[in-house]
Structures are given as C-alpha cells and as structure tokens.
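Peer 1: Numbering (the numbering used here), first residue to last: 23 to 468. Using N, Cα and C, we set each Cβ at its ideal position, and we do this for glycine too. These numbers were taken from a predicted model, which means no experiment stands behind them.
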Amino acid sequence: MANTFPGGVHPPESKSYSENRPIEILDAPETVIIPLSQHIGAPASPIVEKGDRVLMGQKIGEAKGFVSAPVHSSVAGTVKKIDFHIHPVTGRYEPHIFIQNDFTDERAAELDIFGENWEEIDPKKIVEIAREAGLAGLGGAAFPTHVKLSPPPGKKIDTVLLNGAECEPFLTADHRLMLEFPNDIIRGLILIGKALSAEHLGICIEENKPDAIRILSERAENTGIEIYPLKVKYPQGAEKQMIFAVTGREVPSGGLPFDCGCYVQNVGTAKALFDAISRGKPLYERIVTVSGPILKNPSNLLVRIGTSYEALIEKAGGATEDIGKLISGGPMMGLAQSTDSVVVTKGTSGILLFGLDDALSRPELPCINCAKCVDVCPVNLMPTRIADCGEYNKIDMAQRLGALDCIECGSCAFICPSDRRLLQNIRFAKSEIQRKIAEEREKKSN
Ligand code: SF4
Ligand code: SF4
C-alpha cells in the first residue's frame, strides 16, 4: 500500500514540547460551563433548570433530532443558570449550562454497565449506548458517533480504521492516549467493528510515534487488528487521505467514507466508546494538549468538559511572555480565540499559545502563479481559483471548481509564498454555496 496520499505539506512538527509528558489530571473547577452545542448538528435542549442538583455524568441536555447528541454534567453540583457564553468553535455567544461543583463527584447511573462482558453486547446496543453517552468524534470534528455508526441501508462497511495519525503540529493528546490506554483503544475498535459487522480492523499511526506503533502492535497480537504506520505528512489524519493511504480506495467527490466501504474514527472516540459500554461512563471529560512556544510547562491534561481554557493554561504554568495568539486545536486547522474564558468541549484536542512575534500576519502579496498551492492540495483542487471566486463572490464558479470537496486543511495557505488568504476565501465560498443549497432546498419544500 501507498501508506500516504498525493499532495500535502511538512510543517515543523513541534511535538517535543509535550510528547513525553504523561497525562495529568486537572482538578475540576468550582464552576463548569457546559455548552449545549458540542457536536456537528442541532444543539441539545436543556432538561435541567436553575437550582436543580445534578450528578456527575447525568444527562443535562437532550439531543434534538437524529444528527445531535446529548450533553452530560461533568461534576456533581447545582445548576446556577442557563445563559449565553462565548463558544470556542463559533466565536458567538451561545447557550451554556453553568453548574456549581459540590466536589462530591457523586456519579449518575445513566448507562448499563457491561464490565468484563463488554464483548457480548448486541451490535444495536452499541449504537444506542454511543448515543446515550453523548459520544462525538474527539479528533476535533465532533460528529455524533451514533450517526456515524448508522450508515444508510445498503452501504456495507468492510473496513474500520482508527485514526491515531495526529498529524497537526504540537498536538500529542492522542499519542499519550495510545501509550497509556492501548487496551481500551483496541477494545473500542473491536466494538466499532462489531456494530458495523466489519471484517477488517486497523489502527493508523504516523511513523513519528514509533513507541505507539510498538505498544499497539504488541497489544493487538492475535486480535486480527492491523497496525498501519503512515508517512509523516500533513494532513495524513484527514479521513479520505487516510483511507487512500491504507486501502488505495478513493472516497468519491461529494461522498463519505461508507461510499467506499470504509469507516474512520479517532482513537480517543474508540476509548470513549469502550468507557461507555464497559464502565457506564458518558462523555464528560477528555484529554487536551496544552502547548506552544511560550507556555511554561506544556502538558497533556485530562479535564472535565466545561473547564475554562484559563484553568488549563494556569495548570500548565502560564505564559512566559505576552500572548499574541491563543488557538483552539492545532495550528493548521485550529481556531484563534479572542478570550481564555471559553471552555473545553468534546472536540477540544489542544490549546496553543504563541507570542506576539508569531501572531504578526505578513502582508498579502500578488499571486505569482507558481502553482505550489495546486501541487500540495490533497484533494486535487485549484485553491487559488476557488479562493478568487470567494473573494469576488463568484459562488457558482466556486461550486463548479469543487469547492465543497475542500477539507479546509490549510496546506495551500501554508505553502503560498505570497501569503494569499486562500483558506479564508475558500471557506467563505463554501459557506455561500452551502447557504445557496439550503435556500434552494427550502424553496422546493414550500
Ligand atoms: S483547497 Fe482546501 S483541501 Fe486543498 S489545500 Fe487548500 S484547504 Fe486543503
Ligand atoms: S501558491 Fe500562492 S502565489 Fe503560488 S499560485 Fe498559489 S496562490 Fe498563487
């Protein structure tokens, strides 16, 4: 197999800041602020009120529709209020549930516990528990897991791949998870394979994590699970690129992995599925890398969902100089934040701090038609032309050029010698196309 994909870039890995730092537990804060929207799809609806006592792991927001997920309290305590708070993904003020922690960690009994009998679970029950536990992709996309585990009728999935590539610079949360919880990850993969009746199970890891490749290879012995070392290249962790690297199959334009018989899930989500089924634990905490050149003690922290970024930064020793940029996620696909009062959600893989020098944006220069952006695009698009369409509002043309296939990896912007704002303009074009499609659909339904 190719064990890589066409295109891509090689940004500095910058993982040495935190890759050797074992996972540490961050104490739960006095107040958690839990967003009702932590996943792709409709936000959850609150099912608690001000003054209610809630337990750790208790459902406090119910999924609204199929593509949605419930949310759970990450502490035991009292609901102080349901109010608007700034959201790290949208940057807007959105509804959050504020819970005063009573520090008892009294746990709710929301889910069935299969314990040692986890392998005997019925496949349909796996999907049901994934939903009830509020599982969503922990790699950052936060797509509801139960939806992903329910492919349309007639779509046969024969291959399940766990994504342990962690190709974004700086991020090491998945790396540490693979080193410290390899058995849980393997069991989670077996459960996903069972839910989908898939024959081939594999774990994909970039070659810059030889210790994780070694330990998972040892633990996967006699399970039939393959470990796939992948070339170190960004965006190796994008699911379509990973599928091509391992199977040689191509997800068709506008399609999804199940269109070529594949399913990809993050290693953290596999562990969360095992936790839900074996231990009855909903998704109310996750591992977050806190790193960056100006952070005193870069770390990998196990934190309760709803903890402020400020608390994580403080635990990691704070900044050694003035902060120029705070990013949620990795530097390639992450989102710049305006405040550290935003909170950890199910999709928060990392928090990065950069100094003022790194935050300076260089002036945009004219395109020199070097075609470097075309060479690196892993989806074989013409980034410069689509970006121009976004800039000059030629939305139909952007759609014809395949803008919706863009995975927003940022490789084109990274390589551009003229510092063109390619990704911003492509994102704008995509959002306008999606708006146009939604309007047309609404017109037809009226
Ligand atoms: S056009 Fe999209 S997919 Fe292609 S390199 Fe740019 S951001 Fe990545
Ligand atoms: S990489 Fe930049 S300068 Fe080169 S063709 Fe693309 S947009 Fe133009």
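Phe192 by DSSP, collapsed to three states: which one?
Peer 2: Correct three-state label for Phe192: coil.
Peer 1: Which residues in the same chain as Phe296 place their Cβ atom closer than 8 angstroms to its Cβ, once the five residues preceding and following it in sequence are excluded?
Peer 2: The answer, listed in chain order, is Trp140, Asp206, Ile207, Arg209, Gly210 and Leu213.
Peer 1: With which residues is Thr53 paired in a DSSP beta bridge?
Peer 2: Per DSSP, Gln122.
Peer 1: What do you get for Cys282, buried or exposed, if any count of 16 or more other CB atoms within 10 angstroms of its CB means buried?
Peer 2: Buried, because 16 or more other Cβ atoms sit within 10 Å of the Cβ of Cys282.
Peer 1: For Leu423, which residues in the same chain have their Cβ closer than 8 angstroms to its Cβ, ignoring the five residues on either side in sequence?
Peer 2: Correct list, in chain order: Leu403, Met404, Arg407, Ile408 and Cys411.
Peer 1: Report the start-end ranges of each beta strand (DSSP E) in the region 328–387 that is 3 residues or longer and not cut off at the edges.
Peer 2: Listed in chain order, the complete beta strand (DSSP E) runs (minimum 3 residues) inside the region 328–387 are 345–350 and 372–377.
Peer 1: Please name the residue in His61, Gln421, Ser90 and Glu202 whose C-alpha comes closest to that of Arg241.
Peer 2: Measuring from the Cα of Arg241, the nearest candidate turns out to be Glu202.
Peer 1: Would DSSP call His197 helix, strand or coil?
Peer 2: If DSSP states are grouped into helix, strand and coil, His197 belongs with the helices.
Peer 1: Taking all protein chains shown into account, do 16 or more other C-beta atoms lie within 10 angstroms of the C-beta of Ile459, making it buried, or fewer, making it exposed?
Peer 2: Ile459 should be labelled exposed.
Peer 1: In terms of alpha-carbon separation, which member of Glu71, Leu348, Ala155 and Gln456 lies closest to Lys368?
Peer 2: When only C-alpha atoms are compared, the closest one is Ala155.
Peer 1: Given the structure, does Lys177 come close to ligand 2, in the sense that its CB is under 7 angstroms from one of the ligand's heavy atoms?
Peer 2: For ligand 2, not one heavy atom lies less than 7 angstroms from the Cβ of Lys177.
Peer 1: Report all residues from its chain with a CB closer than 7 angstroms to the CB of Ile108; omit the five preceding and five following residues, and keep chain order.
Peer 2: Same-chain partners within the cutoff: Tyr115, Thr361, Ser363 and Val364.
Peer 1: Could you tell me the alpha carbon to alpha carbon distance between Arg301 and Thr181, rounded to whole angstroms?
Peer 2: So the alpha carbons of these two residues sit roughly 26 angstroms apart.
Peer 1: DSSP three-state label for Val70, please.
Peer 2: Coil.
Peer 1: On a Cα-Cα basis, can you pick out the residue from Glu261, Leu48, Leu133 and His222 that is closest to Glu430?
Peer 2: Ranking Glu261, Leu48, Leu133 and His222 by Cα distance to Glu430 puts Glu261 first.
Peer 1: Starting from Arg326 and walking both ways along the beta strand (DSSP E), at which residues does that stretch end?
Peer 2: Here the beta strand (DSSP E) through Arg326 covers Ser321 to Arg326.
Peer 1: Just mark Thr112 as buried or exposed, buried being the case when its beta carbon has 16 or more other beta carbons within 10 Å.
Peer 2: Exposed: under 16 other Cβ atoms inside 10 Å.
Peer 1: Taking Cβ to Cβ, would you say Val286 is nearer than 8 angstroms to Ser371?
Peer 2: Cβ atoms of Val286 and Ser371: not closer than 8 angstroms.
Peer 1: Kindly examine ligand 1 and report whether one of its heavy atoms sits closer than 7 angstroms to the Cβ of Gly432.
Peer 2: Yes, the Cβ of Gly432 comes within 7 angstroms of a heavy atom of ligand 1.
Peer 1: Do Ser96 and Ile148 have their C-beta atoms closer together than 8 angstroms?
Peer 2: Taking 8 angstroms as the Cβ cut-off, Ser96 and Ile148 do not qualify as a contacting pair.
Peer 1: Tell me where the alpha helix (DSSP H) around Cys282 begins and ends.
Peer 2: First-last for Cys282: undefined, no H or E at that position.
Peer 1: Using the beta-carbon count (16 or more within 10 Å), is Ser383 buried or exposed?
Peer 2: When all chains shown are included, Ser383 counts as exposed.
Peer 1: My guess is that Ile316 and Phe376 are in contact by the Cβ rule of under 8 angstroms, so how many angstroms apart are they, rounded?
Peer 2: Right, the Cβ-Cβ distance comes to about 7 angstroms (below 8 angstroms), so this counts as a contact.
Peer 1: Between Asn288, Arg326, Val289 and Pro232, which lies nearest to Pro304 when the distance is taken from Cα to Cα?
Peer 2: Closest option to Pro304, Cα to Cα, is Arg326.
Peer 1: On the DSSP bridge list, what partners appear for Arg5?
Peer 2: Given a span of 23 to 468 for the chain in the structure shown, any question on residue 5 remains unanswerable.
Peer 1: Within the same chain, show all residues whose beta-carbon is closer than 6 angstroms to that of Val396, passing over the 5 residues directly before and after it, in chain order.
Peer 2: Taken in chain order, the residues that qualify are Met404.
Peer 1: Given 7 angstroms as the limit, tell me if Ile429 has its C-beta closer than that to any heavy atom belonging to ligand 1.
Peer 2: Answer for Ile429: yes, Cβ within range of ligand 1.
Peer 1: Contact check, Ala164 vs Ile62 under 8 angstroms by CB: the rounded distance?
Peer 2: Confirmed, Cβ separation roughly 6 angstroms.
Peer 1: Taking only the alpha-carbon atoms, compute the straight-line gap between Ile349 and Ser440 and give it to the nearest angstrom.
Peer 2: Their Cα atoms are separated by approximately 23 angstroms.
Peer 1: Report, in whole angstroms, the separation of the C-beta atoms of Val89 and Ile119, which I expect to be a contact under 8 angstroms.
Peer 2: At roughly 21 angstroms, the Cβ-Cβ gap does not stay under 8 angstroms, so Val89 and Ile119 are not in contact.
Peer 1: Going by C-alpha distance, which of Ala91, Pro145, Asp124 and Gly246 is nearest Arg153?
Peer 2: Answer by Cα proximity: Ala91.
Peer 1: Is Ile45 helix, strand or coil by DSSP?
Peer 2: The answer is strand: DSSP assigns Ile45 an E or B state.
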